[in-house]
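Chemist: Protein chains in written order, with the working numbering: chain A, 3 to 278; chain B, 287 to 557. The following block contains the structure, expressed as structure tokens.
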Amino acid sequence: MTIEPAAEVLILEAAEPAERRVGLRGEGAILGTVSVAGFLLLWQTSVAMGWIAPLFVSSPARILVTGFGMFRDGSIYPDLAVSGEEFILGFGLAALAGIPLGILMGWYYRLNAVLDPFVNALYATPRIALMPLIIIWFGVDLSAKIAIIFLSSVFPVLVSTMTGVRTIDRDFIRVARSFGATDRQLFRTVALPSSVPNLLTGLRLGLGHALIGIVVGEMYGASAGIGFMMQTAGATFQTDKVMVGIALIAAAGMAMTRLLKALEKRFDAWRPDHHL
Amino acid sequence: MTEDVNQRNREKLRARGVRLDYWNERTRRRLEILAGIDLTVREGELVAIVGPSGCGKSTFLAAVDGLVKPNAGAIEVDGNPVIAPGHDRAMVFQQDCLFPWRTVLRNVSYGLELRGELSRHEIRKRAESLIELVGLTGFADSYPHELSGGMRQRVNIARALAPHPELLLLDEPFASLDAQTRDFMQLELLKILARTGTTALFVTHQIDEAVFLANRVAVFSARPARIKQIVEVDLPPQRSLEMKLWPRFRELQDEIWRSIYQETIHLTAAE
Ligand SMILES: Nc1ncnc2c1ncn2[C@@H]1O[C@H](COP(=O)(O)OP(=O)(O)OP(=O)(O)O)[C@@H](O)[C@H]1O
Ligand SMILES: [Mg+2]
């Protein structure tokens with residue numbers, strides 16, 4: 003079987019222009035910090051002055067106190083451990099399956115033609131709609147959570163990686179061919195490296211979906227986990243604990259997105275469409 | 287250019303009756319690009335190709351490189367028929383097309399890496415000496431986006447030269463450079479070719495560039511291309527920039543210009 007790169011050339015999402023930053027260095031960070039601080043202050047004041055009941059919105063101080071309390075008495079750790087395990091396994095499997103499959107689908111035109119309808123259909127289906135099926139197949143234990151997280155995050159990773167492989171610059175292919183590259187060499191020296199930026203973008207998108215998957219998964223018959231903790235706290239009107247859960251998930255998401263963004267930035271400098 | 291007569295007469299490239307058609311899927315018509323090219327390039331020679339835009343110069347170069355297959359005719363390099371890209375030839379593309387994810391050193395190493403004959407260390411040494419040859423010492427670890435257009439083009443040339451090709455194919459390599467950089471690069475190229483003893487086929491739109499660099503200038507006709515005329519450049523082999531002001535230089539330029547101009551008229555008349 004001969005290896006032929008998929009024929010169509012998709013148009014990449016425009017990369018953010020690098021030189022869009024205006025104003026003073028660090029000005030954005032300062033403005034951001036000030037606006038967040040202002041918001042927290044307003045929130046705290048509204049509750050302290052009795053304008054809004056803490057039952058509905060909690061308050062920054064109450065969230066902090068509750069959060070620290072949960073860490074101090076250790077009641078949060080089992081939930082963290084369970085959600086962490088689900089996330090690592092679900093998202094890890096998604097990356098492990100999505101990246102190679104995306105690469106293969108980008109490279110082998112025929113494989114792409116065969117699998118594309120399924121990928122498209124599943125990508126378009128809200129993954130939460132699959133939850134009842136997943137429970138029928140996997141029950142309500144860990145494997146069900148892993149399955150929903152996997153299904154939530156695998157498609158962004160797969161599709162983005164595939165797009166990366168399929169949008170290789172034709173000029174690079176010609177250069178490689180001119181140097182006598184075999185199909186395998188073309189794959190290794192051109193297709194793989196030039197799809198790294200897309201791959202990272204896919205991981206970043208997948209990450210967000212994986213976090214949604216945690217919360218959604220734990221809403222159905224879980225017995226531990228951050229999502230479960232929030233669910234039970236919500237049912238008993240412990241707004242502070244719900245907020246702690248939200249804050250934890252938001253923080254985890256932001257930290258990991260940051261990390262991947264930093265990686266993307268490093269590769270952005272040589273991103274083909276950025277460079278030309 | 288001081289080889290003995292034997293050397294000078296050895297044929298490096300021999301193209302006979304090279305015909306090439308493209309099938310245009312959209313208009314569902316066959317487009318005749320090359321209508322029988324006969325061209326011989328001797329060892330150590332630089333032959334420039336000029337001709338109207340779209341006449342098939344790049345296509346001919348691609349055929350010599352083995353990237354496209356002619357419909358008829360024969361192309362031989364050192365007596366061996368060209369069937370695919372090979373290590374005896376290397377192409378310098380118009381767009382520098384450097385791999386943005388590779389450093390200068392690793393771009394230059396590319397061809398040698400693919401070949402897998404040399405050790406990592408030997409590849410590195412060879413690449414470093416080429417980087418020095420094109421005057422980019424100290425930039426080995428830079429990425430292409432950190433270089434100027436002229437520097438990138440020099441990396442492009444170094445990358446093509448690294449596998450020690452017998453025949454270097456250059457497709458308007460200096461087209462995107464400013465006039466001063468181009469003058470400089472022309473001199474550099476001649477030096478490099480002389481030092482490495484490489485034969486070259488050089489496509490350009492700049493007639494003065496063709497005359498300045500070449501031993502002979504082949505004028506392509508309008509599409510479908512044939513060789514309309516071959517102009518011997520009877521300037522001293524050791525070229526210098528002030529030759530561009532010599533009357534003989536001007537005469538050669540005029541002769542070539544007129545030749546292309548007639549073709550352009552044919553082209554517009556045909557449309
Ligand atoms: N892949 C292709 N498929 C079909 N037609 C092509 C293809 N590549 C080039 N052509 C056609 O072949 C003709 C010759 O193209 P070529 O690039 O060889 O011209 P050129 O002489 O190098 O032109 P220029 O001086 O503008 O670079 C053009 O008319 C072009 O439309
Ligand atoms: Mg051309």
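The C-beta atom is built at its ideal place from N, Cα and C for all residues, glycine as well. From a predicted model like this one, the values you see are computed outputs, not experimental measurements.
1) Along the chain, where does the beta strand (DSSP E) that runs through alanine 237/A open and close?
2) Please work out which residues of its chain come closer than 7 angstroms, Cβ to Cβ, to isoleucine 546/B, disregarding the five sequence neighbours upstream and downstream, and give them in chain order.
3) For chain B, check one thing: does any of its Cβ atoms lie closer than 8 angstroms to the Cβ of alanine 237/A?
4) State the Cα-Cα distance for the pair leucine 347/B and isoleucine 516/B, rounded to the nearest angstrom.
5) Please confirm whether lysine 267/A has its beta-carbon closer than 8 angstroms to some beta-carbon of chain B.
6) Using a beta-carbon distance below 8 angstroms, is serine 225/A in contact with chain B?
7) Would you please verify whether the beta carbon of glutamine 187/A is less than 8 angstroms from any beta carbon of chain B?
8) Tell me which residues share the same chain as phenylalanine 460/B and place their Cβ nearer than 6 angstroms to its Cβ, disregarding the 5 neighbours each side in the sequence.
9) Hey, how far is the Cα of alanine 254/A from the Cα of leucine 132/A?
10) Hey, how far is the Cα of alanine 8/A from the Cα of asparagine 366/B?
11) Report yes if the CB atom of arginine 328/B is closer than 8 angstroms to the CB atom of lysine 355/B, and no otherwise.
12) Please check if any C-beta of chain A sits within less than 8 angstroms of the C-beta of tyrosine 572/B.
13) List in chain order the residues whose CB is within less than 5 angstroms of at least one heavy atom of ligand 1.
14) Can you give the Cα-Cα distance for alanine 264/A and phenylalanine 498/B, rounded to whole angstroms?
15) Skipping 5 residues on each side, what residues in its chain have a beta carbon closer than 6 angstroms to that of alanine 149/A?
16) For valine 161/A, which residues in the same chain have their Cβ closer than 8 angstroms to its Cβ, ignoring the five residues on either side in sequence?
17) Near serine 155/A, what residues of its chain come up, given a Cβ to Cβ distance below 6 angstroms and the 5 sequence neighbours on each side ignored?
18) Please list, in chain order, the residues of the segment 344-358 of chain B that have any C-beta partner in chain A closer than 9 angstroms.
19) Name the chain B residues whose beta carbon is nearer than 7 angstroms to that of valine 177/A?
20) Drop a sphere of 10 angstroms on the beta-carbon of phenylalanine 157/A, count the other beta-carbons inside from all chains shown, and report buried for 16 or more, exposed for fewer.
21) Does the Cβ-Cβ distance between threonine 127/A and aspartate 242/A come in under 8 angstroms?
22) How would you call glycine 223/A, buried or exposed, if buried means at least 16 neighbouring beta carbons within 10 angstroms?
23) Candidates Ala50/A, Gly71/A, Phe174/A, Leu113/A: which alpha carbon is nearest asparagine 393/B's?
24) 8 angstroms is my cut-off, CB to CB: does alanine 264/A come that close to chain B?
25) Excluding the 5 residues flanking leucine 250/A on each side, which residues of the same chain have their C-beta closer than 7 angstroms to its C-beta?
26) Is any heavy atom in ligand 2 found nearer than 7 angstroms to the beta carbon of glutamate 458/B?
Modeler: So, from the data block:
1) Run containing alanine 237/A: none in the beta strand (DSSP E); it sits in the alpha helix (DSSP H), 228-237.
2) Val336, Gly337, Pro338, Val505
3) no
4) 17 angstroms
5) no
6) no
7) yes
8) Arg468, Met471
9) 25 angstroms
10) Model confidence at alanine 8/A stands at a pLDDT of 41, short of 50, so the residue's coordinates are unreliable; what they give is reported in the following sentence. Answer to the nearest angstrom: the Cα atoms are 33 angstroms apart.
11) no
12) In the structure as shown, chain B starts at 287 and stops at 557, and residue 572/B therefore has no counterpart that could be examined.
13) Tyr308/B, Ile319/B, Ser339/B, Gly340/B, Cys341/B, Gly342/B, Lys343/B, Ser344/B, Thr345/B
14) 49 angstroms
15) Ile136, Phe140
16) Gly104, Val121, Tyr125, Gly204
17) Phe93, Ala96, Gly208, His211, Ala212
18) Ala348, Asp351, Gly352, Leu353
19) Phe379, Cys383
20) buried
21) no
22) exposed
23) Phe174/A
24) no
25) Ile228
26) yes
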